[in-house]
Amino acid sequence: MTHSTVAYQVMWNRLISVVEEQAQALVRTAFSTSVREAGDLSAGVYDTQGRMLAQAVTGTPGHVNAMADAVAHFIRRIGRQNILEGDIYITNDPWEGTGHLHDITMVTPSFHNGVLVGFFACTAHIVDIGGRGFGADAQSVYEEGLYIPIMKFADQGTVDETLTRIIRGNVREPDQLIGDIYALATCNEIGHRRLIDMMQEFDLDTLDGIAAFILDNSRRATLERIAALPRTSAEGEMTVDGFDVPITLKVRVTVNDDHIMSDFNGTSGLDKKGINCPLVYTKAYACYALKVAIAPEIPNNAASLEPFRISAPENTIVNALHPAPVALRHIVGHFVPDVVFNAFDQIVPGLVPAEGAGCLCNFQVSLRPRTDAPAPADARRSEVLTFNSGGSGARPEFDGLNATAFPSGVMTMPIEATEHAGPVIIWRKELRPDSGGAGKTRGGLGQYMEVGAMVGHEFDIQAMFDRGQHPARGRRGGGEGGRTTIAQDDGTKMHVKGKQFVPHGRRVVMAFPGGAGYGDPAQRDPALVKRDLARGYISPEAAARDYGLSETDIADILAAAAKGETF
Amino acid sequence: MTAHSTRLGVDIGGTFTDVVLETGGASFSTKVLTTYAAPENAIIDGMHQVCTKAGITPAQIEQIIHGTTLATNALIERRGAKTALITTQGFRDVIEMRTESRFEQYDLNLTLPDPLLPRQMRFTVSERVNAKGEVMIPLDRAEVEELAERIAATGVESIAVGLIHSYLNPDHERLVRDVLADKLPGVSVSISAEVSPQMREYERFNTVVANAYIKPLMASYLGRLEERLKGEGVTCRIFLMHSGGGIISIQNAADFPVRLVESGPAGGAVFAAHIAARYGIDKVLSFDMGGTTAKICLIKNQTPKTSRVFEVARTYRFKKGSGMPISIPVIDMVEIGAGGGSLAHVDAMRQIRVGPESAGSEPGPACYGRDGTRPAVTDADLVLGKLDPDNFAGGSIPLYPDQSKTALHKHIGGTLDMDATEAAFGVAEVVDENMANAARVHAVENGEDLSEYTMIAFGGAAPLHAARLCEKLGVDRLLVPPGAGVGSAIGFLRAPYSFEANRSVYMKLSDFDGPRIRDLLTELQGEATGFVRTCDAVSPILSEFKVYMRYTGQGWEIPIDLTEEQAMNPDAATFQARFEEDYAKLFGRTVAGMDIEITVWSVNATTPPEKVTPIAAQPATDAAATTGTRDIFDAASGAFAQADIIDRTTLTSGQTITGPAAVTEDETTIIIPASRTAMRQPDGCIDITAGGRP
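Heads up: the sequence lines are chains A and B, in that order.
Sequence positions in the first sequence follow this note's numbering and run 6 to 572.
Sequence positions in the second sequence follow this note's numbering and run 17 to 710.
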């Protein structure tokens, strides 16, 4: 049966809606805070060849693109002849899934009238997979937790109880993890049911027609965008803190007729600690950076992602091979867009932002009853993970976003919810004035946080920060963003990365980085400088130093603000 | 409330103010243009029009029920009062930092909406309550007094107070209020523990700020309205429709104006719920489509589904997360940018996209002939024969099909190599699919199967698209009520007095504390009932108990209804059973071995719903008389077919119509596709069903 263009268009919209429903179901049923509060997940539908046809907009770029490649691995590992109705597959392989053991990917084949018509896949970041726990401290992937190779979780409807027992026996929160695995399975099931409804409505036996329609249109649209770019090549470079030694990321972006190549030759080698990044995750963010710049509205699928290619020498930090430790691969991954932008800005000036905070400012606290003195009877152990953001880089026409994740797509949690999760106290979470790099457009502000424990507790903090020594650098004369700082409230110095002890009664005081500025600060609209001063985004000192505001002007503005003028 | 025989319903919308008068079993309605500068003028005007039609004086009106978009518009257009926020030290920027995420990940130039209050209007005090509700840092009265003086210098009219964990312990917020009352007597004060005592600081602070921001405006408007109506001879009390689908006194409305947000759409849902009750239908999907947006609501057991948080003033293509969250009891509706005026274009993938950009009323769709050159949904409807160019809006607005064809060709057909008809079909299918997808996602989120549902459609554009939506959703029955153009105002007259009180208090079932639950629910019941009693001193008041529960560790609570017996004799096993039952229904399975927790407690006090007269089964009589025929495009078969044209005003009960057909009236046209047949019911509803004759 042939279908009209209008019918195919309706089907394409429907598939995007189906995967969105799939993702929403996951948000609502998952147990891990990372999924349900922060949105660290992804969902998609694939054809029988494993080509991704549609992906939910809910989710974060690291999954978005990495998952596109995953289903082909499943087909290869399971073997076509073994793909049966009622099966559900699982893995957390960092190299064939989405980059670390903490992401569980599940794939469900979809059968219609007894014939395989496609696959559904979804991925979620789970809070614990055993091993050393979430952090950079492992020396190899073996220490980072339980490894689940691509295998059947359910065989024709029967769950592999041996597997679930092994999983339960190896993780800290077995009920939660098993709950999450079932949530992933359920979300694929919801997608499958809705796909079959659609196939019945349009009288489809296979997805071949609609797949061709989606992929052809997406490929053509993406290639049109690439064809509009100059055929040239440019290099970008950026150095960040790393764990013990700084890491230099280097990329050459080359625009070809039918694809853009990002080549990471020259990038630093592996780190001893778990901040290494498998190529699949590097590719996800390199691709995201280019796609958001030149083809933002083209939906993600195999054809719209394919023209964004990547290469990197083996065992550089952006192409870590087994058994490198990779738990915190997001730190390097989140910096990839900045370095790609540094190159791309030379190819198409005036399109991409200045450097920003880059990686999320996450930390995990492990609380326990105090050990230096008798603890109260109700003191308890607890693990609390929080997601926080610095400022994004200034854009050519707009200021950077204050305390907003970029390139990651995750959300923060309410501190009232965090304080219900364990005996932790967040004493402060607010914007950090003067941390946005000066410029014609200003970098986004970072934020201050202060964290302590309820009386009777001490804790370890697992810091996962960067940009302590290497702030975001401005573009076209813009100033650099504020650096990360971390110390205890009595002045005791702390490191931007790693697990560190905090005694009873002490707080950790953190300042998260700002984004860099764009363009000469002297060209900034004076009205915006006044507004920033009135709001306290910049201090009087910065207003004078960076933007040349006179003492009288400053005094007038502050006086007017105190009288309630809003600027 | 049926005791009131003469009642006036007034809905102030963005364009029109709808007024409905019911007296002695008859109903009179009018639409007048909304008068933004002084909205009460339109009400007075409309009231006199319907009183004249009914032959009564304003003094004979026994009750006035009012709903308005003024509160919503003030938030969208930022026309509120000069307002300050007082919050806990360390949390000055909560309403600005939002969720720290981008609601659209593929836009490098994304800008986030400004918070209602700029940073210099947000002040802090040193104090702190912990997650158990215990004071860790006491609040110093002298510090608040000093702050009050600083704030006074800004010339504020209104102050919001939002402190961390105040939903557990409101003492500090109350102390701030007392000091402000003392120091700044003319300034209105809203505290978060009263406006929205729910966990999650961003939602709660934003809600109390929104309340404070619109409070002076709404208080002044409501005061003026009362005076003006008195001046026109009105002697009865005035009540306000709230977003939760009930009515409250004018005084409560002035204190909690944020509860008036979305009162108009809530009236529409109540209108649909009342029709559902008349027909005894338990599962209804209400579908309201106007010029710029479509709204969809699930109504189960004749009660619209409610939620405790929603988003107002979305700034980015109606996208989730681009507005501001308001945590109050609200009828849960999905709103998408799809209406008669929604504009169509072709995107980079050569796909037709429709909305959310709208042609508005000026220039309007291309067919209005007012220099609109881009094709809107109405243009597609016209080209497909669904509208009669000579009888649009009762013949008052001539339509130009050629202009529609030109616009469709230029912006759609030319690019995609389609003729005007196929382009129009594409536009209509895309907008219908968008609405159908929104309905499907909403149903999935609520664990509902739409094929068991009946649709009730109202709003100017809904009857043109409703039957196609039913085909797409597998919905077999569609009711199009009369008076659909003023549905919200009619809905106001059907709403009970009600007030929902709720509070966030965490409790795990493993730490189940029956007496504490009974005390808490009794307190909430007392609070809610107190509000309702100020409206109605005599009627019985029913209490609806609801708790929000989840597995410990999850972030998404599901609402669980409890009977009064279950609420007042709480027992962990019953709570668990009720949760597992609903959880399994929503998500297919329960999770063994996980603790369950309760996060929010709520009691809705309401007067009993108005008694309805059930519609008696109506046998089919004869086929309706046609006034002619017209070729109308049938989407399911993908071709034009000759359709009968029927004048709705000539239809009598039991008369039947076989699709394809179009039932015309002044306000709209009801399209009955080839897959459906219809019958006029005794109450004037057009009852459209799948398949053979009804």
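Just so you know, even glycine gets a beta-carbon here, dropped at the ideal spot from N, CA and C.
> Which residue's Cα is closest to the Cα of residue 80 of chain B: B:206, B:181, B:94 and B:238?
Replying inline: Selected option, being the one with the closest Cα: B:238.
> Is the number of C-beta pairs between the segment 115-131 of chain A and the segment 341-359 of chain A that are closer than 8 Å three or more?
Replying inline: These segments do not touch.
> What distance in whole Å lies between the Cβ atoms of residue 58 of chain A and residue 69 of chain A, which are believed to be in contact at a cut-off of 8 Å?
Replying inline: In fact, because the Cβ distance is near 14 Å, the residues do not count as touching under 8 Å.
>> Check for me: the alpha helix (DSSP H) holding residue 68 of chain B runs from which residue to which?
In response: Residue 68 of chain B -> alpha helix (DSSP H) spans 55-70.
> Is the segment 467-485 of chain A close to the segment 431-442 of chain A, with three or more CB pairs under 8 Å?
Replying inline: Yes: the two stretches touch, three or more of their Cβ pairs being nearer than 8 Å.
>> What are the residues in the segment 99-127 of chain B lying within 9 Å of chain A by C-beta distance?
In response: Correct list: 100, 105, 106, 107, 108, 109, 110, 112, 113, 114, 115, 116, 117, 118, 120, 121, 122, 123, 124, 125, 126 and 127.
>> Closer than 7 Å between beta carbons: that is the criterion. Which residues of the segment 49-68 of chain A meet it against chain B?
In response: Cβ contacts with chain B: 66.
> Can you name the residues of chain B whose CB is closer than 8 Å to the CB of residue 301 of chain A?
Replying inline: Within chain B, 122, 123 and 124 have C-beta atoms less than 8 Å from the C-beta of residue 301 of chain A, given in sequence order.
>> What would DSSP say about residue 301 of chain B, mapped onto helix, strand or coil?
In response: Here residue 301 of chain B sits in strand by DSSP.
> If we call anything under 9 Å between Cβ atoms a contact, is residue 635 of chain B one with residue 660 of chain B?
Replying inline: Not in contact: residue 635 of chain B and residue 660 of chain B (Cβ atoms no closer than 9 Å).
> residue 413 of chain B and residue 244 of chain B look like a contact to me (Cβ under 8 Å); what is the Cβ gap, rounded to whole Å?
Replying inline: With 8 Å as the limit, residue 413 of chain B and residue 244 of chain B do not qualify as a contact, their Cβ atoms being about 32 Å apart.
> When the cut-off is 9 Å and only beta carbons count, does residue 351 of chain A lie next to chain E?
Replying inline: Any reference to chain E falls outside this structure, whose protein chains are A and B.
> In chain order, what residues of the same chain lie with their CB nearer than 7 Å to the CB of residue 501 of chain A, ignoring the 5 residues before and after it?
Replying inline: Only 246, 468, 470, 471, 473, 489 and 491 meet the Cβ criterion.
>> Residues of chain B with CB closer than 9 Å to the CB of residue 223 of chain A, please, in chain order.
In response: Ordered by position in chain B, the residues that pass the 9 Å Cβ test against residue 223 of chain A are 365.
> What are the uninterrupted segments assigned as alpha helix (DSSP H) that are 4 or more residues long and contained completely in the segment 200-286 of chain B, given in chain order?
Replying inline: List check, alpha helix (DSSP H) in window: 208-211, 217-247 and 266-271.
> Of the residues that make up the segment 222-233 of chain B, which ones have a beta carbon closer than 7 Å to any beta carbon in chain A?
Replying inline: Taking 7 Å as the cut-off between beta carbons, none of the residues of the segment 222-233 of chain B comes near chain A.
>> Please report the straight-line C-alpha distance between residue 132 of chain A and residue 139 of chain A, rounded to a whole angstrom.
In response: So the alpha carbons of these two residues sit roughly 7 Å apart.
>> Counting only beta-carbon separations shorter than 9 Å, does residue 416 of chain A have a partner in chain B?
In response: Nearest CB-CB separation between residue 416 of chain A and chain B: below the 9 Å threshold.
> Does residue 170 of chain B get closer than 9 Å to chain A when you measure Cβ to Cβ?
Replying inline: At least one chain A Cβ lies under 9 Å of residue 170 of chain B.
>> Quick check: the segment 247-256 of chain A against the segment 268-281 of chain A, are at least 3 beta-carbon pairs closer than 8 Å?
In response: The segment 268-281 of chain A is in contact with the segment 247-256 of chain A.
> Alpha carbon to alpha carbon, how far is residue 485 of chain B from residue 472 of chain B?
Replying inline: One C-alpha to the other measures close to 11 Å.
>> Less than 9 Å between the beta carbons of residue 402 of chain B and residue 452 of chain B, yes or no?
In response: Contact: no.
>> Quick check on residue 543 of chain A - is its C-beta less than 9 Å from some C-beta in chain B?
In response: False, the Cβ-Cβ gap to chain B never drops below 9 Å.
>> In the DSSP output, what is residue 94 of chain A paired with across the bridge?
In response: Answer is A:112 and A:157, bridged to residue 94 of chain A.
> Which bits of chain A does residue 510 of chain B rub up against, with CB to CB less than 7 Å?
Replying inline: Proximity of chain A to residue 510 of chain B at the Cβ level (cut-off 7 Å) is not reached, the minimal Cβ distance being about 32 Å.
>> On the DSSP letters alone, give me the boundaries of the beta strand (DSSP E) that residue 551 of chain B sits inside.
In response: Element bounds for residue 551 of chain B: n/a, residue is neither H nor E.
> Can you give the Cα-Cα distance for residue 545 of chain B and residue 22 of chain B, rounded to whole angstroms?
Replying inline: Approximately 26 Å between the Cα atoms of the pair.
> Which of the three DSSP states, helix, strand or coil, is assigned to residue 386 of chain A?
Replying inline: Three-state DSSP puts residue 386 of chain A in coil, outside helix and strand.
> So, does the CB of residue 572 of chain B fall closer than 9 Å to a CB anywhere in chain A?
Replying inline: Taking Cβ atoms only, chain A reaches closer than 9 Å to residue 572 of chain B, which makes this a yes.
> Going by C-alpha distance, which of B:630, B:49, B:337 and B:108 is nearest residue 117 of chain B?
Replying inline: In terms of CA proximity to residue 117 of chain B, B:337 leads the group B:630, B:49, B:337 and B:108.
> Under 9 Å between the Cβ atoms of residue 342 of chain A and residue 293 of chain A?
Replying inline: Contact flag set, yes.
> What runs of the alpha helix (DSSP H), each 4 residues or longer, lie entirely inside the segment 484-513 of chain B?
Replying inline: The segment 484-513 of chain B contains, as complete alpha helix (DSSP H) runs of 4+ residues, the segments 503-510 (chain order).
> Are the Cβ atoms of residue 76 of chain B and residue 39 of chain B separated by less than 9 Å?
Replying inline: Yes, the pair counts as a contact, with Cβ atoms nearer than the cut-off.
> Taking Cβ positions, are residue 211 of chain A and residue 114 of chain B nearer each other than 9 Å?
Replying inline: 9 Å or more divides the Cβ of residue 211 of chain A from the Cβ of residue 114 of chain B.
>> Please return the same chain residues whose Cβ sits closer than 8 Å to the Cβ of residue 403 of chain A, not counting the five positions on each side in sequence.
In response: Hits under 8 Å: 446.
>> As a quick exercise: from B:283, B:570 and B:630, pick the residue whose alpha carbon is nearest that of residue 610 of chain B.
In response: In terms of Cα proximity to residue 610 of chain B, the closest of B:283, B:570 and B:630 is B:570.
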